[in-house]
Structure formats: C-alpha cells, structure tokens
Amino acid sequence: MLPTVDFCGLELTRMVIGANPFGGYSHQNPRRDAEMRDWNTPDRIRETWARAEAAGINGFVTNNETPHVIDTTAAYLADGGQLTWIAQVNNNREPDFVAALNRVKEIGASAAFLHGGVMDSYYQRRDEDGLRRAIEHGKSLGLPMGTAGHTPAVHYWIDSLNLVDFHVVCFFNCGSVHAGRGDRFYLGDVFEAVKCIQALDKPCIGYKIMGSGRLCPRMAFEYAFSNIKPGDIVNVGMHRGDRDDMVEANVAMLSEVLDELGVAEYATTPA
C-alpha cells in the first residue's frame, strides 16, 4: 500500500483516485469529454477501482450527480467494495444539501465535501449562512466535512469561518472566480495553490495537480509532494482508455517519488 495518513479520522493513502474521467469531465474539449464518458462503462469503472485497490490505493472520490457514476458507486459499496468513499456533493439533483448529504451517507460515504463550483458561488455571494447549514448537517450525520474551491481566495474565506474539517484545493484557478471564467489553466496558479495549502492548518486534498492532463505526471507528483503538508493527500483521476495500466503506473511512479523525497517517513503522521 502507498503510505497513509490519519485524515480526519480516516486512514487514507497519500493518493486517492478521482472520477472526472468516468463522467466525461476532461476539462479539455467536448470530443475528449465524450471519449472518456463512452469508454468508462460501469464495468470498467469497477475494474479501475479493483485495480486501484490491488495496486495499493485505499480511497476514491466520486460526485453524487453523474447518474452512471453514482449508481456504480452505490452498487460497488453495496457489494462490499473496500475503498473508502469521499463524496463530492452538489445539490442539482436533490431538493437541497440536506437531502443530498443524507443520500451520500445512506450510500456509504465516509466523508464529504461541497463541489468547487458551489463553493465559488458561496464565496462570491459571501453566503456564510447557507454554507454553515450544509456543513453542520453533514457533520450531524457523522461525516468529516470539507469544501472544494477553484481559487485560494475561496479557501481563505472558508478558513476564516472555521467551519470545515478539511479543504479540497485545486492547483489551478479554473472555475468561475477569475475574469475569464470557465476552464483556464495557467501554470502560475500552482504556486499560489500550494502557498494556500501550506497556510491552512486543516488537512487538504490537492486536486488537478496535473492540470487535467496538461502536465508531466512525474513532475506533478514531485511538485505536489514537495509542497503539501505531511498530513495532506492528492486526488488523481485516471482514464484507462489512454493506457490500460495507468493505475498501476501512477502508483509505482508516486511510490518512487515519495521514496526519493523521503515522504514515506510520514506514513503514520496524523493530519
């Protein structure tokens, strides 16, 4: 297994596997979206999780709204799947966040965080009350609760409210909180992202560390783990339609990088 940390009471490997490729969210172009979505059938998604578990990953992230992905998640956990599920939660398909959080808890989530786009909107409106209601409800269900966000400004605001258990920090400001809006990947963003992660006392999950396929994976791993805190982890989506052994290759690559950086010594360091 990859080295693990105590992440809000959950023992998680330093890398968990994400799900944007499963739902066709390439953050590249519509053709790439369709390619990913068509390839990632429920059977292939479950095979990817099985291979992740066998390779030494013990956690996964999926959203609660892409129909074939959440249905596959529910079936996987009902069948005794061993990976720990961290739910990315939106409320577009539910009446509100209370119902959405109730549902992911029922399915088997071990932790949850609010979708980055939702948080960008909360931040722009400075809607502390709405955010507080969602986070406190999730905590009442026994879920460690976090929030994503596509720019450090969102996380600094959330941190000032002292509401969440963890932060899910995007390495690129590719959401709605910038002048151009929408998908935008500027390399300079990663420096501000890790500065933010270092400034936050709460544990963090770094995501889009490879710029949605734009960066060299080894370089991305080296940069991320040279800069995130000892109790932090990363979330990496993997599209096996590009390379069948991508999961195993990423685990082997990260293991080498952690060994070279001496990060394995943090295997039992609590967040």
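Numbering (this note's numbering), first residue to last: 223 to 493.
Beta carbons are placed, not taken as given, at the ideal position from N, Cα and C, and that holds for glycine.
Residue j beta carbon less than 7 Å from that of residue i
i: residue 381; j: residue 422; result: yes
i: residue 274; j: residue 469; result: yes
i: residue 299; j: residue 282; result: no
i: residue 494; j: residue 245; result: In the structure displayed, the chain extends from 223 to 493; residue 494 sits before or after that span and is not available.
i: residue 258; j: residue 243; result: yes
i: residue 386; j: residue 368; result: yes
i: residue 458; j: residue 240; result: yes
i: residue 485; j: residue 443; result: no
i: residue 278; j: residue 473; result: yes
i: residue 338; j: residue 371; result: yes
i: residue 309; j: residue 286; result: yes
i: residue 430; j: residue 393; result: yes
i: residue 294; j: residue 264; result: yes
i: residue 379; j: residue 345; result: yes
Residues sharing a beta bridge with residue i, DSSP
i: residue 428; result: 391 and 456
i: residue 233; result: 228
i: residue 352; result: The partner list for residue 352 (beta bridge, DSSP) is empty, contrary to what the question assumes.
i: residue 368; result: 335 and 388
Cβ-heavy atom distance, residue i to the ligand FAD, below 6 Å
i: residue 231; result: The model on display carries no ligand, and the ligand FAD is accordingly not part of it.
Host alpha helix (DSSP H) of residue i (start-end)
i: residue 306; result: It is not in any alpha helix (DSSP H) - residue 306 instead sits in the beta strand (DSSP E) that spans 306-311.
i: residue 321; result: 319-329
i: residue 282; result: Run containing residue 282: none in the alpha helix (DSSP H); it sits in the beta strand (DSSP E), 281-285.
i: residue 376; result: 374-383
i: residue 291; result: 289-300
i: residue 250; result: Where residue 250 is concerned, there is no enclosing alpha helix (DSSP H), given that its DSSP letter is neither H nor E.
i: residue 270; result: 264-277
i: residue 417; result: 411-421
i: residue 473; result: 468-483
Helix, strand or coil at residue i [DSSP, three-state]
i: residue 334; result: strand
i: residue 490; result: Note that residue 490 has pLDDT 40, beneath the 50 cutoff, so the model's placement of it is unreliable and no number is given.
i: residue 239; result: strand
i: residue 438; result: coil
i: residue 401; result: The pLDDT assigned to residue 401 is 49, lower than 50, so where the model puts this residue is not dependable; a value taken from the coordinates is nonetheless given after this. Residue 401: coil per DSSP, three-state reduction.
i: residue 360; result: helix
i: residue 496; result: What the structure shows of the chain is the stretch from 223 to 493, and residue 496 is not part of that stretch, so it cannot be assessed.
i: residue 443; result: helix
i: residue 464; result: coil
i: residue 449; result: helix
i: residue 341; result: helix
i: residue 347; result: helix
Classification of residue i by the beta-carbon crowding that lies within 10 angstroms, buried from 16 upward
i: residue 236; result: buried
i: residue 408; result: exposed
i: residue 417; result: exposed
i: residue 460; result: buried
i: residue 388; result: buried
i: residue 481; result: exposed
i: residue 225; result: buried
i: residue 441; result: exposed
i: residue 262; result: buried
i: residue 229; result: buried
i: residue 251; result: exposed
i: residue 317; result: exposed
i: residue 411; result: buried
i: residue 319; result: buried
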